[in-house]
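Sequences listed follow chains A and B, in order. Residue numbers for the first sequence follow our numbering, beginning at 22 and rising by one. Residue numbers for the second sequence follow our numbering, beginning at 26 and rising by one. Shown next, in structure tokens, is the structure this report addresses.
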Amino acid sequence: MVETTKLIHEYLRHSKKFPHVYCPGCGHGIVLGSIIRSVHHLGLSKDEVVLIAGIGCSGRMAVYVDFNTIHTTHGRALTFATGVKLANPKLKVIVVMGDGDALSIGGNHFIHAARRNIGVTALVLNNNIYGMTGGQSSSTTPENSYSTTTPYGHLERDFDVVNLALGCGANFVSRTTALHAQLMDKLLTKAIENPGFNVVEVLTPCFTQYGRKNKFKNVVEMYSWYRKNTIKVEKYKELPEEKRAGKIPIGVFSDKQEPGFEEKYGQLREKLRSKK
Amino acid sequence: MARKPKRKELFALGNEAVVEGALLAGCSFFAGYPITPSTEIAEGMAAKLPQLEEGVFVQMEDEIASLGAVIGASLAGRKAMTATSGPGFSLMQEHIGYACMAEVPLVIVNVMRGGPSTGLPTNPAQGDVQQARWGTHGDHPIIVLSASDVQECLHMTIAAFNFAEKYRTPVILLLDEVTAHTREKIVLPRPEELTIINRTIPTMPPEWYVPYEETMRGVPPMPPLGSGYRYHVTGLTHDEHGYPTSKANEISALMHRLFRKIDQFFYDIQLVEEVETEDAEVVVVAYGCVARSAKLAITQARESGCKAGLLVLKTLFPFPRTYVEKLARQCKKVIVPEMNMGQISREVKRVNNGLSRVVTINRVDGQIITPGEILKKIYKD
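Rendered as structure tokens:
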């Protein structure tokens, strides 16, 4: 507890007036805590960390922490991050996005940032809904679930963030939930250190906008749902095909150390200069 | 006395001159997306930037991403730019607003082609003038420049970077397909002949730094990311510290400062060229490639004894109203030829306010306005 208080005082902005915008039971605070613990664990200075966020509930995260912070436009956080990282590769760039942010409006930027393998950590806080605007369906809203724009049930299929990132060639691809905070710490610590494009998907409950419309009685039930329906990816792979339905694998799906785009660009410059 | 080295001469396209100008101005970051007729700028940058010590060229997935990357690089301390044409410029509007709000210096070159929509990719037009001024949503100030020949492309690119850095604002350089694709001789100035302005960097201790502080100049100093001055950058309406606000007094203070920082330096920003205007009774107001047609037209008019003059607008916005007003008072007729349905002529009419007669020449068929057409209007009463 003392340790936690110390971290809060060190990493949260004193000049920013709290309270924060998050609803009771929201998982975003747990993610923010995990980012702080990971940065602290890695011994990074606050000056070398750039936290870039999009628009939405997750976007508000940037304002609370005492790093270099950029609150960008909706869906475009990764484009800003690409510019920052290329301009100064020494900076550690962490990008926080929601599901609508990263995959609906920002889907194109997400796949290209992964393909380009730009050296940033992309956190996708997936709560299956547009929370800030009042509970509209997003590209990760599960089929048949309810939202204010799908009052009769969602007919579209949802994105699988992990498979999408794998398909685009991201170096490090992982998934955790807001319930699995220790796993989250581990994944984030790894992702921030790893070269190239690193994805951490965090399933985080939005009781206010998603849970209430989809027959969850309270937030605790949503966290219990995560406990019941998630399974370590190693175990998931051992399961026979027919038992996999409905199970969400969590853990590390890809762990490559290919050099990031900014590193390769630096090498190109070296090569051109040595030719002169 | 040692002789100064000869200035380097090039036989260059307008687009290539933009590349030379940008590099002379200290640009070290370019993000873009291919689009006719601006592509030579991206190609030039792709070849030249990786040869610089810190240079970066990146081709992004679209124009929204391009300007996003440029903003990121500028926040990290680089002089950064992008280049595009109409359809791409439409996509960039979102981030132009962000750059205005977060006060990010950057340069956007828009080589105008026929529109609307995909329009005429290889034909010239000047249809994006009011879009450059008002394209992004919300009230905002902006600086829009133009160039009418290849040498000017180089100088106006440098001017664009200087204004961007001096006033912490996006600057739009409007070219047209004719200017961008004309090849002619240009002379590269020696670096020592140029005035290059860099953004002010804070010198106070980081704990004293207030990122959007109200000052006389209205332009707060801007540290690069990672230099110890940690602050919050946002597109939300913010207070002095950069934190989102919805308090009326703080909103008002921000909006008024954003406008004031451009308005109060109006005299520094308005760049024009006056040709034979001292005694002119007929004045042509033109910009871009049309200004070259107009130059020939007034020369011919003078030869036949008609007192014609020309005002070439290099700054389009903030609109150079003092020059236009002065000439409107002195002459009988103002002619505004442009390759749109009348986007600058409405500014001229607004400033003219009944002082003299305003005649327009509008062409929207993908063809340049000829000297003959302008000459006809000069003679016609």
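Think of the CB as a built atom: it goes at the ideal place given N, C-alpha and C, for glycine as much as any other residue. Just so it is clear, the structure is predicted and the values come from calculations on it, not from any experiment.
Under the 8 Å criterion on CB atoms, proline 246 of chain B is classed as non-interfacial with respect to chain A.
If the five residues before and after isoleucine 323 of chain B are omitted, its C-beta is found closer than 7 Å to the C-beta atoms of Val300, Glu301, Val309, Ala333, Gly334, Leu335, all from its own chain and listed in chain order.
With respect to the 8 Å criterion, isoleucine 139 of chain A and phenylalanine 237 of chain A are not classified as neighbours on the basis of their beta carbons.
Spanning the alpha carbons of glutamine 392 of chain B and isoleucine 399 of chain B requires a straight line of approximately 14 Å.
Assignment of beta strand (DSSP E) within the segment 240-299 of chain B, counting only whole runs of 3 or more residues, yields 257-259 in chain order. The three-state reading of DSSP puts phenylalanine 344 of chain B in coil, since its state is none of H, G, I, E or B. DSSP, read as helix, strand or coil, puts tyrosine 151 of chain A in strand. Going by beta carbons, leucine 107 of chain A and glutamate 283 of chain A fall inside the 8 Å limit. Assignment of phenylalanine 237 of chain A by DSSP, reduced to helix, strand and coil, places it in the coil class. Per DSSP, reduced to three states, the secondary structure at isoleucine 66 of chain B is helical. Under the three-pair Cβ rule at 8 Å, the segment 56-68 of chain A does not count as touching the segment 90-109 of chain A. In the DSSP assignment, serine 110 of chain B falls outside any alpha helix (DSSP H), carrying neither H nor E.
Isoleucine 211 of chain B is positioned such that its CB atom lies closer than 8 Å to that of alanine 42 of chain B. Isoleucine 66 of chain B is positioned such that its CB atom lies no closer than 8 Å to that of valine 175 of chain B. Beta-bridge partners of aspartate 276 of chain A (DSSP): A:Phe193. Chain B places no beta carbon closer than 8 Å to that of leucine 208 of chain A, leaving this residue out of the contacts. A direct Cα-Cα distance of roughly 7 Å separates threonine 171 of chain A from serine 158 of chain A.
When 7 Å is used as the limit between beta carbons, threonine 142 of chain A is near no residue of chain B, the shortest such separation being about 15 Å. The Cβ atoms of serine 173 of chain B and serine 110 of chain B do not sit closer than 8 Å to each other. Taking 8 Å as the cut-off, the beta carbon of aspartate 181 of chain A is found no closer than this to the beta carbon of serine 160 of chain A.
The beta carbon of histidine 41 of chain A sits closer than 8 Å to the beta carbons of Gly50, Arg81, Tyr85 from its chain, once the five residues preceding and following it are set aside; these are given in chain order. For tyrosine 231 of chain A, the nearest beta carbon of chain B is not closer than 8 Å to its own beta carbon. Not a single CB atom of chain B sits nearer than 8 Å to the CB of serine 160 of chain A. Under the 8 Å criterion on CB atoms, valine 95 of chain B is classed as interfacial with respect to chain A. At a beta-carbon threshold of 8 Å, none of the residues of chain B lie near isoleucine 51 of chain A; the nearest stands roughly 22 Å away.
Taking a Cβ-Cβ cut-off of 8 Å, the neighbours of glutamate 69 of chain A in chain B comprise Gly251, given in sequence order. As for any alpha helix (DSSP H) of minimum length 4 sitting wholly inside the segment 32-67 of chain A, the runs are 49-63, ordered along the chain. Interface with chain B (8 Å Cβ-Cβ cutoff): isoleucine 91 of chain A is included. Per DSSP, the unbroken beta strand (DSSP E) holding lysine 253 of chain A starts and ends at 251-253. In this structure, the straight-line span from the alpha carbon of asparagine 148 of chain A to that of serine 79 of chain A is close to 10 Å. Judged by pairs of C-beta atoms under 8 Å, the segment 252-267 of chain B does not touch the segment 213-220 of chain B, as fewer than three such pairs exist. With respect to the 8 Å criterion, alanine 98 of chain A and isoleucine 126 of chain A are not classified as neighbours on the basis of their beta carbons.
Note on the segment 79-167 of chain B: whole alpha helix (DSSP H) runs with a minimum of 4 residues are 88-100, 111-127, 154-159, in chain order.
The residues Leu260, Lys268, Ile269, Pro270, Ile271, in chain order, have a CB closer than 8 Å to that of isoleucine 252 of chain A in the same chain once the five nearest residues on each side in sequence are set aside.
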